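>
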Amino acid sequence: MKQKVLCFFVVFLLAVLQTKAQNDTIVLKNNNTLVGTMKEMNNGVLTIETDYSKDDFRIKWLHVKQVKSMQLFLINLSNGRRFNGSIKMSEEQADTVLLVNEEESLEVKVEEIVYFKEVESDFISRVDAEVSVGFNFTKVNNLAQLAINSKISYTGSKWFFTGGYNRVSSSQDNVESTIRTDANLGSRYFLKHDWFALASANFLSNDEQKLKLRTAVQGGIGKYIIHSNKMYLASGAGLAWNNERYTDPDINNRNSLEAFLAVEANLFDFEDFDLYTNVTGYPSLTEKNRFRTDLNITGKYDLPFNLFIKIGLTYNYDNKPVEGASTNDYVFQTTFGWDTD
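Quick note, the sequence shown lines up with residues -12 to 328 if you use my numbering.
#1: Would you list, in sequence order, the uninterrupted alpha helix (DSSP H) runs of no fewer than 4 residues that lie entirely inside the segment 256 to 310?
#2: Could you tell me which of N66, S157, G173 and S174 sits nearest to R167, measuring between CA atoms?
#3: Extract the residue ranges of the alpha helix (DSSP H) inside the segment 2 to 57, only unbroken runs of 4 or more that lie entirely within it.
#4: Check each candidate in R45, K275 and S192 and name the one with the smallest Cα separation from L33.
#5: Contact check, K52 vs T12 under 8 Å by CB: the rounded distance?
#6: Where N136 and K287 are concerned, what is the direct C-alpha to C-alpha distance, given to the nearest angstrom?
#7: I need the DSSP call for K179, collapsed to helix, strand or coil.
#8: Assuming S187 and N161 make a contact with CB atoms under 8 Å, what is their CB distance in whole Å?
#9: Output the distance between the C-alpha atoms of L133 and V120, rounded to the nearest integer angstrom.
#10: If you compare alpha carbons, which of W48, D38 and V309 is closest to E99?
#11: If you count every other CB in all the chains shown that lies within 10 Å of the CB of F255, and 16 or more means buried, which is it?
#12: Around the Cβ of D237, are there at least 16 other Cβ atoms within 10 angstroms (buried) or fewer (exposed)?
#13: Closer than 6 Å by C-beta to T149: which residues in its own chain qualify, once you throw out the five before and the five after it? Chain order, please.
#14: According to DSSP, which residues form a beta bridge with Q196?
#15: Compute the Euclidean distance between the alpha carbons of A8 and R68, then round it to the nearest angstrom.
#16: Report yes if the C-beta distance between T83 and E94 is below 9 Å; otherwise report no.
#17: The beta strand (DSSP E) that contains G72, what's its start and end?
#18: Have a look at K41 and F292 and give me their C-alpha separation to the nearest angstrom.
#19: Measure the Cβ-Cβ separation of Y211 and A221 and say whether it is below 9 Å.
#20: Using the Cβ count rule (16 or more neighbours within 10 Å means buried), how would you classify H180?
#21: Tell me whether E98 sits in a helix, a strand or coil according to DSSP, three-state version.
#22: With respect to the beta strand (DSSP E) encompassing K138, which residues constitute its N-terminal and C-terminal limits?
#23: Excluding five sequence neighbours on each side, which residues of the same chain lie with their C-beta closer than 8 Å to the C-beta of L306?
#24: Nearest to S339 by alpha carbon, out of N193, S144, N189 and N153?
#25: Residues in its own chain within less than 8 Å of A2 by CB, not counting five upstream and five downstream?
#26: Compare the Cα-Cα distances from L64 to each of N30, H50 and E79 and report the closest residue.
#27: Express the C-alpha separation of N153 and F122 in angstroms, rounding to a whole number.
#28: Check whether the Cβ atoms of Y263 and I284 lie closer than 9 Å to each other.
#29: Is it buried or exposed, T273, if we count other Cβ atoms within 10 angstroms and call 16 or more buried?
#30: Who are the near neighbours of D289 in its chain, counting only those whose CB is closer than 6 Å to its CB and skipping five residues on each side?
#31: Is M218 close to chain C, meaning its C-beta is less than 9 Å from at least one C-beta of that chain?
#32: Taking the Cβ atom as the reference point for each residue, do Q196 and D316 lie within a distance shorter than 9 Å?
#33: When the Cα atoms are used, what is the spatial distance from F330 to E251?
#34: If you follow the beta strand (DSSP E) that A227 is part of, which residue opens it and which one closes it?
Below, the structure written as structure tokens:
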């Protein structure tokens, strides 16, 4: 009798674990059905983990016809609202989704959901990271260039944190080696109606502009102007404190208070290709007629096994650099890397 009870308990436990591991049903518009675990919908692509496939499935969100899930998700809507709850597509009304939690239920259209991610308590599950490396060598003058790019981010229910580190070093016969390093730390606190508070710190070391280290700490407010599962367009404005130290010891350090205005766009409805652009202008409030600009354009093409190829352009402009330094500097690089998505 005890053995029968034990066997029954083991079978029941395995069934519970199996149900927990595969508690989502996804029906596509071509009536194909997938059973697995929805991990995330980001940039218009739904990621599904299954027991019968080594790799996760990646499906366009707009190709999904029905979803049944009891998981809890952090959900972003196109009107800026953030919702914590489960997702269930209506069987009566096409392209309609019911969002449910303990306090309320909300009916929305499929295209109104721009992002969701399963809610887990552990820190690692909310972290995304990527690293890429590029190397160029030219026989003439033995020109060699090494580029390293990295990025990490954390998504919470109300907060978003990000950090990045990029380095480009060049060496050439009969020419002094040059190094350009930039890093950033940033956070956003999400408010209602797609508004957000922002704070960040940017660091730049650049031989071309004689910068030993530029540190810009800024804070302000921003808003998503367009926020869909095809693209987003956001803008932000505020104040920045800029501190500059130079490689030439005869040049005095500079400190200035600046305003800033930023525009950011991310287009991701191009199959496996993403295009990201950010441009920020810094009119000085304490140095007469000084203006700086930072521009970043990045194209990323996803490959199998979480690999990718990235092409990027970074441009810095300062209309009043120190004596002997260039007014502008730019870096164009191609790198190959891996991410955790």
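All C-beta atoms, glycine included, are put in the ideal place defined by N, C-alpha and C. Keep in mind the model is a prediction, meaning the values are calculated, not measured.
Straight from the coordinates:
#1: none
#2: The residue given as residue 167 occupies position 180 in the sequence shown. R167 has its Cα closest to that of S157, out of N66, S157, G173 and S174.
#3: none
#4: Working through the sequence shown from its first residue, we reach residue 33 at position 46. Of R45, K275 and S192, the residue nearest in Cα terms is R45.
#5: What you label residue 52 is simply residue 65 of the sequence shown in a count that begins at 1. What you label residue 12 is simply residue 25 of the sequence shown in a count that begins at 1. Going by Cβ atoms, the distance from K52 to T12 rounds to 11 Å, so no, they are not a contact pair.
#6: As a first step, residue 136 must be located in the sequence shown, where it is residue number 149. As a first step, residue 287 must be located in the sequence shown, where it is residue number 300. Cα to Cα, N136 sits roughly 12 Å from K287.
#7: Within the sequence shown, residue 179 is the residue found at index 192, counting from 1. Reduced to three states, the DSSP call for K179 is helix.
#8: Your numbering for residue 187 matches position 200 in the sequence shown. Your numbering for residue 161 matches position 174 in the sequence shown. Actually they do not touch by this definition, with Cβ atoms about 40 Å apart.
#9: Start at 1 with the first residue of the sequence shown, and residue 133 comes out as number 146. Start at 1 with the first residue of the sequence shown, and residue 120 comes out as number 133. Looking at the backbone, the Cα of L133 and that of V120 are separated by about 8 Å.
#10: Stepping through the sequence shown from its first residue, residue 99 is reached at position 112. Of W48, D38 and V309, the residue nearest in Cα terms is W48.
#11: Along the sequence shown, one-based indexing puts residue 255 at 268. Buried: at least 16 other Cβ atoms inside 10 Å.
#12: Walking along the sequence shown from the start, residue 237 turns up at place 250. With fewer than 16 Cβ atoms within 10 Å of its Cβ, D237 is classed as exposed.
#13: Position 162 of the sequence shown, counted from the first residue, corresponds to residue 149. The residues are S140 and G173.
#14: Here residue 196 refers to the residue found at position 209 when the sequence shown is read from its first residue. None; Q196 has no bridge partner.
#15: Start at 1 with the first residue of the sequence shown, and residue 8 comes out as number 21. Start at 1 with the first residue of the sequence shown, and residue 68 comes out as number 81. With a pLDDT of only 45 at A8, under 50, the local geometry of the prediction cannot be trusted, and the value read off the model is given with reservation. Those two C-alpha atoms are separated by around 29 Å.
#16: Within the sequence shown, residue 83 is the residue found at index 96, counting from 1. Within the sequence shown, residue 94 is the residue found at index 107, counting from 1. Closer than 9 Å, so yes.
#17: Working through the sequence shown from its first residue, we reach residue 72 at position 85. Per DSSP, G72 belongs to the beta strand (DSSP E) from R69 to M76.
#18: The count along the sequence shown starts at 1 and reaches residue 41 at position 54. The count along the sequence shown starts at 1 and reaches residue 292 at position 305. Spanning the two alpha carbons is a distance of roughly 10 Å.
#19: As a working note, residue 211 is residue 224 in the sequence shown. As a working note, residue 221 is residue 234 in the sequence shown. It is a contact, given that the beta carbons lie within the stated cut-off.
#20: In the sequence shown, counting from the first residue as 1, residue 180 sits at position 193. Its Cβ having fewer than 16 others within 10 Å, H180 is exposed.
#21: Start at 1 with the first residue of the sequence shown, and residue 98 comes out as number 111. In this structure, E98 counts as helix in the three-state DSSP scheme.
#22: Taking the first residue of the sequence shown as 1, we reach residue 138 at position 151. Residues L130 to T142.
#23: The residue labelled residue 306 in the question sits at position 319 within the sequence shown. Note that residue 306 is Asn in the sequence shown, not Leu. Excluding positions up to five away in sequence, the list reads N276, R277, F278, R279 and T314.
#24: Here the chain comprises residues numbered -12 to 328, so residue 339 is not present and cannot be evaluated.
#25: Counting from 1 along the sequence shown, the entry for residue 2 is found at position 15. Caution applies to A2, whose pLDDT of 39 falls short of 50 and renders its modelled position unreliable; the value that the coordinates give is listed next. Result list for A2: empty, nothing under 8 Å.
#26: Mapped onto the sequence shown, residue 64 falls at position 77. Per the Cα distances, N30.
#27: Translated into the one-based positions of the sequence shown, residue 122 becomes position 135. Translated into the one-based positions of the sequence shown, residue 153 becomes position 166. For F122 and N153, the distance between alpha carbons rounds to 14 Å.
#28: What you label residue 263 is simply residue 276 of the sequence shown in a count that begins at 1. What you label residue 284 is simply residue 297 of the sequence shown in a count that begins at 1. For Y263 and I284, yes; Cβs fall inside 9 Å.
#29: In the sequence shown, residue 273 corresponds to position 286, counting from 1. Its Cβ having fewer than 16 others within 10 Å, T273 is exposed.
#30: Here residue 289 refers to the residue found at position 302 when the sequence shown is read from its first residue. Taken in chain order, the residues that qualify are D259 and F295.
#31: Structure shown: chain C not included; a single protein chain is present.
#32: For the purposes of this step, residue 196 is identified with residue 209 of the sequence shown, where counting begins at 1. For the purposes of this step, residue 316 is identified with residue 329 of the sequence shown, where counting begins at 1. Here Q196 is near D316, since their CB atoms are less than 9 Å apart.
#33: Look at the range of the chain in this structure, -12 to 328, and you will see that residue 330 is not part of it.
#34: Position 240 of the sequence shown holds residue 227. It spans M218 to Y233 - the beta strand (DSSP E) in which A227 sits, taken as one unbroken run.
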